[in-house]
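Read through the structure below, which is laid out as structure tokens, and then see the notes.
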Amino acid sequence: MSPHLKLKALFLFLTMYLGACVHVEPPAPGKQRGELLYQVKRGDTLSSLADSFGVHWKAIAYRNRIRNPRDLQVGEIIIIPSNRRPIKRQPPAVDGGGLLFGGSSRFLWPVPNGSLSSKFGMRRGRPHHGIDIRAPRGTPVKAAKPGRVSFVGWKRGYGKTIIVDHDNYQTLYAHLSRIKVSHRQWVSKGQLLGLVGSTGRSSGSHLHYEIRRDDKPLNPLSFYRPGA
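The sequence shown lines up with residues -20 to -1, 1 to 208 when you count with mature numbering (1 follows the signal peptide of the UniProt record, and there is no 0).
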């Protein structure tokens, strides 16, 4: 074989060898029916997007070939494998001392723009098993998490009350003026439950809000982040 042919054969071999070694990740296919295009904003994470759109974060990562969650870039367009519109982030609520409470990935603040008027713990020598959120009568009260309504009706001291079960947790919404859901109904996060009122043992229009785990009352503020 002539030197020219040997050189040509060697070049062909190297081209085929290198081509076999290089693996190019195929691009994610274009948006399909039942999916949404979304432009990533500052502060977005796979977890926050999954919570907003009601899908698992791994589904978003797989659909967009995202190997590392930190690779999410502000301004890029990604595909959300869901046709559900995102839940709008609520403006933070302000307590009497100016402390802000924003929503979390776990629990939604139940009264948009409602202000904290009474905290969890002992109050006038008696335990206060939740927090009070001041708002005008008729203000919408939203479900903090998806779950099933386990109680609707009148409770002594609480007035018109709704209890929603969420796996190991329960949320309670009391002193309502109106109830908009029924017993055993499934509710989604952010769904209207009822309207703020002053029924039961109440001195003014507000929502009494509790979070319980295994029937033990927990401080609701521990589930929300101060500052926003």
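Ideal placement from N, C-alpha and C gives every residue a C-beta, glycine not left out.
Buried or exposed (CB count within 10 angstroms, at least 16 for buried), ARG136: exposed
Under 8 Å between C-beta atoms of LEU52 and ASP24: yes
Same chain, Cβ closer than 6 Å to LEU201, neighbours up to 5 away in sequence not counted: none
LYS169 beta carbon less than 8 Å from that of PRO126: yes
Validate contact between the stretch 173 to 187 and the stretch 140 to 160 using beta carbons, cut 8 Å, 3 pairs: yes
Where ARG43 falls, given that 16 or more other Cβ within 10 Å makes a residue buried: buried
Local conformation of PHE33 per DSSP, three classes: helix
Where CYS1 falls, given that 16 or more other Cβ within 10 Å makes a residue buried: At CYS1 the pLDDT is 45, less than 50, meaning the model places this residue with poor confidence; the figure from the coordinates comes in the next sentence. Under this definition CYS1 is an exposed residue.
Nearest-angstrom Cβ-Cβ length linking SER182 and GLY139, presumed shorter than 8 Å: 6 Å
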